[in-house]
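First residue of the sequence shown: 1273, per this note's numbering; consecutive thereafter. For glycine and all other residues, C-beta sits at the position ideal for the given N, C-alpha and C.
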Amino acid sequence: MDYMKEFESHLDKIVDPVLNEGSMEATSTEKKLANYGRILMDQAVTQKDDALSNMMSKVGDALTRYGTTFGARSLEELVKKTNTSPNIIKKLLAYAEKIAQTQTAIAADHTDGGLDDEGDDEFTSASDDEMAAMADRAARERR
């Protein structure tokens, strides 16, 4: 009898279920929450209110770890880890989602050629009356 093969077979029976228990790949929801977390942390540095900035940063950091080994796996766990109310977390998520949607829309416009720097479409070129009014204002400001 080949004891090494028997040992390897037994070891495989023990190890395989542990290694293949679940995919290590983040789900689409976890990826979305991580993106929102990065947005919140980026926005936190722009806040003048230190308490709000700290809360945004703390929730953002926790969101980047959502679903990981040491991260929260539910709203209740997120509340405990961040010491923040569910209502505030929901508001911060809505805020981050709105920014993410805006970033996606801008990226799509840019890809479609909508964000050019030529300024040749009808919405960016000022009419003659507007140009004259701007020139008059600039002249008055110089005086």
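DSSP state of residue i mapped onto helix, strand, coil
i: Gly1309; result: helix
i: Ser1401; result: The sequence shown places Asp at residue 1401, rather than the Ser named in the question. Helix at Asp1401.
i: Asn1359; result: helix
i: Val1351; result: helix
i: Thr1301; result: helix
i: Lys1320; result: coil
i: Arg1337; result: coil
i: Arg1345; result: coil
Member of the options whose CA lies at the smallest distance from the CA of residue i
i: Met1336; options: Ser1357, Glu1348 and Ala1298; result: In the sequence under discussion, the amino acid at residue 1336 is Thr, which differs from the Met named in the question. Of the candidates Ser1357, Glu1348 and Ala1298, the one whose C-alpha sits nearest the C-alpha of Thr1336 is Ala1298.
i: Met1327; options: Gly1339, Leu1312 and Tyr1338; result: Leu1312
i: Asp1314; options: Thr1340, Lys1303, Ala1380 and Ala1368; result: Ala1368
i: Gln1373; options: Glu1413, Lys1304 and Lys1352; result: Lys1304
Interface flag, residue i vs chain C, CB-CB below 8 Å
i: Lys1370; result: Judged by its chain identifiers, the structure shown contains no chain C, having just a single protein chain.
Same chain only: Cβ atoms within 7 Å of residue i, ignoring 5 sequence neighbours per side
i: Glu1302; result: Tyr1338 and Gly1339
8 Å CB neighbourhood of residue i in its chain, flanking five on each side removed
i: Phe1279; result: none
- Give a yes or no on contact between the region 1327-1334 and the region 1303-1313, applying the rule of three or more CB pairs nearer than 8 Å. Contact between the region 1327-1334 and the region 1303-1313 is present, because at least three Cβ pairs lie under 8 Å.
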